[in-house]
Amino acid sequence: MSIRPILSLRDACLRQPAQPVTDFSAVQPLIDDLLDTLYATTNAVGLAAPQLGESLALAVVDVSARRDAPLLLINPQLLDSSGYDVNREGCLSVPGVRAKVGRANRITLRAQDRVGCWQQYQAADFLAAAIQHELEHLAGRVFIDHLPRWRQCWLYWRHPQWRRPG
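Mapping of the sequence shown onto my numbering: position 23 corresponds to residue 88, and the numbering continues sequentially without gaps.
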């Protein structure tokens, strides 16, 4: 399909909760665009539809070394989480920023696949963190929301281009 531009924090789509996917045939091109865009990057392991300007509950994650094992998450629901780890994260919508974020290190979730069938997944460690990062995009949040308020203010001061108009 195509590689699409990734939205920055300035775009309001990143701060809105995504809408459930109901028409699975209509989102097939978007799924392909998410994968093409993800694989066009050199340093990302996940991408959510809101980052491409589509407010739909759809994300892809691939933490494989060869970048050939994508996990497609449509209408994902976190069922359980346990443990806690703090790791450095970054985001394609917040370029150049990395910060320590605490997340559950084991999760169970369910999501629909490309044709709408429900699947259940368990993830741990890095994969669990990557999935939680993308789930936050679907909820209208970004990883810097976990940072102390003073650090968020500093980031917006340092990067005025991320401030939303109005």
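Backbone N, C-alpha and C fix where the C-beta goes; we use that ideal spot for every residue, glycine too. Computed from a predicted model, the values in this text were never measured in an experiment.
Between the segment 137-154 and the segment 175-195, the count of C-beta pairs closer than 8 angstroms reaches three or more; the two stretches touch. Looking from the CA of R75, the closest CA among T106, S146, Y186 and V159 belongs to V159. Its chain contains R179 as the residues whose beta carbon lies nearer than 8 angstroms to that of Q93, once the 5 sequence neighbours on both sides are disregarded; these appear in chain order.
Using a Cβ-Cβ distance cut-off of 8 angstroms, the segment 216-227 and the segment 90-106 are not in contact, since fewer than three pairs of beta carbons, one from each stretch, lie closer than that value.
Assignment of beta-bridge partners to C156 by DSSP yields V159.
Listed as beta-bridge partners of R175 by DSSP are Q142 and Q185. Per DSSP, the continuous beta strand (DSSP E) segment holding L112 begins and ends at G111 to A113.
Taking a contact to require three or more Cβ pairs closer than 8 angstroms, the segment 136-146 and the segment 160-175 qualify as touching.
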